[in-house]
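Read the sequence shown against the working numbering and you will find it ends at 460, with the numbers running on by one and no gaps.
Written below as structure tokens is the structure these notes are about.
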Amino acid sequence: MFSEPSQHILTVSAKTPTALRSLAGSYANYLNSHPDAKLTDVCFTANTGRSHFQHRATFVADSTVELCQKLSAFTTSEPTNHKPFHRPKIAFLFTGQGSQYVGMAQQLYNTHPVFRQSLDICNEILNPYLQKPLLQVLDPASEASELLHATAYTQPALFAVEYALAELLQSWGIVPEAVMGHSVGEYVAACVAGVFSLEDGLKLIASRGKLMQDVATGGMMATVFLPALQVANIIAEYQGKIAIAAVNGLYNTVISGEAEAVLAVQQKLQAQKIEVRSLNVSGAFHSHLMEPMLDAFKQVAASVKFAAPNLPLVSNLTGEFMPSGFIPDANYWSRHLRETVQFVAGINTLAQHGYNSFLEIGPHPTLVNMGKRCFQSENSIWLSCLKKGQQDWQVLLESLGELYVNGVNVDWVAFNKPYSRRRIFLPTYPFECQRYWIAESAPIKPLVSTHPLLGKVVNG
């Protein structure tokens with residue numbers, strides 16, 4: 001039996017804003033008068049035993065006391081204008097390298113069987129490719145955890161954690177309508193979209209990470225907070241030594257190349273009071289310094305069976321959806337190693353096609369923070385699964401609640417399936433009764449007519 005999650009979520013819904021606040025108040029009163037009620041049973045009963053109406057609210061708590069406080073605060077707070085939700089069009093964004101940290105997703109691994117099983121499967125598949133088992137590298141109590149920041153382990157670790165997160169979300173009914181990744185993240189996105197199997201995807205990413213680590217000498221990467229075109233003009237004199245590795249924002253351009261040249265550009269820009277930030281990476285990814293590994297990587301990729309994606313997949317190379325029937329093969333993934341990540345163009349593509357809900361599948365909200373600077377509208381929502389320094393369940397449930405409030409129908413039965421739960425009696429729906437009286441009217445006068453045989457006849 002798995003241990004209980006550290007946080008739990010209660011859903012409240014109603015047909016009107018007034019009824020929503022009234023029901024929240026009823027739940028608060030119930031918790032006050034039933035101090036022994038189990039938080040898990042309260043949430044389970046409300047989430048699985050009630051109809052889910054248009055006006056919604058959610059509350060994440062670790063105890064009935066905290067839940068009661070949040071419900072009471074909701075009933076007494078200033079009412080907000082509730083807009084009828086429109087069905088969210090969800091895109092999964094898979095995080096790239098640099099988002100990893102020791103202990104990432106460890107709480108989920110210890111508390112949810114779907115996540116744990118997915119990670120265990122990845123660990124087993126990766127065993128032939130890694131000198132140390134992945135689970136040891138991910139375990140903060142293990143001495144092997146220091147290997148997490150070595151590229152040969154970072155990339156398969158990120159792939160495995162992100163894949164397990166996607167499996168967990170989909171088991172709850174949170175299914176993407178499009179996928180996009182950033183560099184390493186595109187491998188997970190492609191796997192979720194059916195481009196290759198989990199076994200082939202892990203073989204590819206493990207080989208990629210090892211080969212990158214082997215050639216990662218004399219390289220450096222840095223973020224320049226200027227538009228890409230301006231950066232291209234600045235680094236023109238370093239042709240063949242520096243490349244633009246990623247366009248992450250209107251004023252966020254990553255350069256990559258030989259350390260001496262990158263440092264020279266950094267010093268020149270800093271002298272002009274332009275912000276430049278060195279990246280803590282082991283090599284100059286997406287630059288000419290990756291070329292020595294391309295032939296070896298192609299040999300590995302040639303053994304993989306590729307297919308056209310079965311849902312919209314945004315390409316890092318173009319920033320567009322992959323064309324219908326297009327198969328990203330070994331040549332595609334070799335170019336992917338070397339060429340610029342067109343993140344801004346990819347976000348704009350999703351926005352232009354009506355995607356308004358962006359959920360980052362990764363250990364830390366990197367892409368949603370960049371994405372919000374590229375595109376923002378009144379109806380867009382940007383959510384993350386995990387965040388460094390915060391409890392896994394707190395972040396995940398808050399995002400799940402935001403999706404629910406915006407109209408996503410969560411499979412709450414599947415959500416609770418791994419745990420022992422029971423139904424209890426909770427306050428019923430607060431029907432808003434209104435009186436409808438028939439207005440008084442003047443008496444109806446009978447109609448009198450004359451019949452030739454009967455004389456006067458009263459009709460009615």
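Glycine residues also receive a C-beta, built at the ideal position from the N, C-alpha and C atoms.
Next on the checklist: With the cut-off set at 9 Å, would you say K89 and S357 are in Cβ contact?
Outcome noted: yes
Checklist entry - Should Q97 be labelled buried (16 or more other beta-carbon atoms within 10 Å of its own) or exposed? => result buried
Checklist entry - Secondary structure at F115, three-state DSSP: helix, strand or coil? => result helix
Checklist entry - If S26 sits next to P427, beta carbons under 8 Å apart, how far is it from one beta carbon to the other, in whole angstroms? => result 4 Å
Next on the checklist: I'd like the list of long-range same chain contacts for F115, defined as Cβ closer than 8 Å, with 5 residues on each side in sequence excluded.
Outcome noted: For F115, where only same-chain residues beyond five positions count, the Cβ hits under 8 Å are A105, L108, Y109, A164, L165, E167, L168.
Next on the checklist: Nearest by alpha-carbon distance to A307: which of R338, Q352, G319, I327 is it?
Outcome noted: I327
Checklist entry - For S399, does the three-state DSSP call read helix, strand or coil? => result helix
Checklist entry - Quick one: what does DSSP say S282 is sitting in, helix, strand or coil? => result coil
Item to check | C122 to R421 span [Cα, whole Å] | outcome: Cα atoms of C122 and R421: separation of roughly 30 Å, rounded to the nearest angstrom.
Next on the checklist: For a quick check, are the C-beta atoms of S256 and V262 less than 9 Å apart?
Outcome noted: yes
Checklist entry - Per DSSP, which one or two residues make a beta bridge with M180? => result L93
Checklist entry - Are there 16 or more other CB atoms within 10 angstroms of the CB of C49, so buried, or fewer, so exposed? => result Checking the sequence shown, residue 49 turns out to be Gly, not Cys. With fewer than 16 other Cβ atoms within 10 Å, it is exposed.
Next on the checklist: I need the straight-line Cα distance from Q117 to S207, nearest angstrom please.
Outcome noted: 23 Å
Next on the checklist: Let's test the definition: count the other Cβ atoms within 10 Å of the Cβ of L229 and tell me whether it reaches 16, buried, or not, exposed.
Outcome noted: So L229 ends up on the exposed side.
Item to check | Nonlocal neighbours in the same chain, by C-beta distance under 8 Å from Y436, ignoring five residues either side | outcome: The predicted position of Y436 is uncertain, since its pLDDT is 46 and thus under 50; no value can be drawn from it.
Checklist entry - Any idea if R423 is buried or exposed, counting beta-carbon neighbours within 10 angstroms, 16 or more meaning buried? => result exposed
Checklist entry - V184 and F159: beta carbons closer than 9 Å? => result yes
Next on the checklist: Taking its Cβ as the centre, do 16 or more other Cβ atoms sit within 10 Å of N127, making it buried, or is it exposed?
Outcome noted: Exposed.
Next on the checklist: The alpha helix (DSSP H) that contains L359, what's its start and end?
Outcome noted: Taken as a continuous stretch (DSSP letters only), L359 belongs to no alpha helix (DSSP H), being part of the beta strand (DSSP E) at 357-361.
Item to check | Cβ-based neighbour list, K241, same chain, cut-off 7 Å, excluding 5 preceding and 5 following | outcome: So the qualifying residues of the chain are G257, E258, A261.
Item to check | Identified DSSP bridge partners for W382 | outcome: Within the DSSP bridge table, the entry for W382 names F358 as partners.
Next on the checklist: Helix, strand or coil, according to DSSP, for N316 in the structure here?
Outcome noted: DSSP places N316 in coil when its eight states are reduced to three.
Checklist entry - What's the C-alpha gap between H8 and D295? => result 50 Å
Checklist entry - Helix, strand or coil for Q266 per DSSP? => result helix
Next on the checklist: Based on DSSP bridge pairs, tell me the residues matched to L8.
Outcome noted: Here residue 8 is His; the residue named in the question, Leu, does not match the sequence. Answer is A61.
Checklist entry - Who are I244's beta bridge partners in DSSP? => result Looking at the DSSP assignment, I244 forms a beta bridge with I255.
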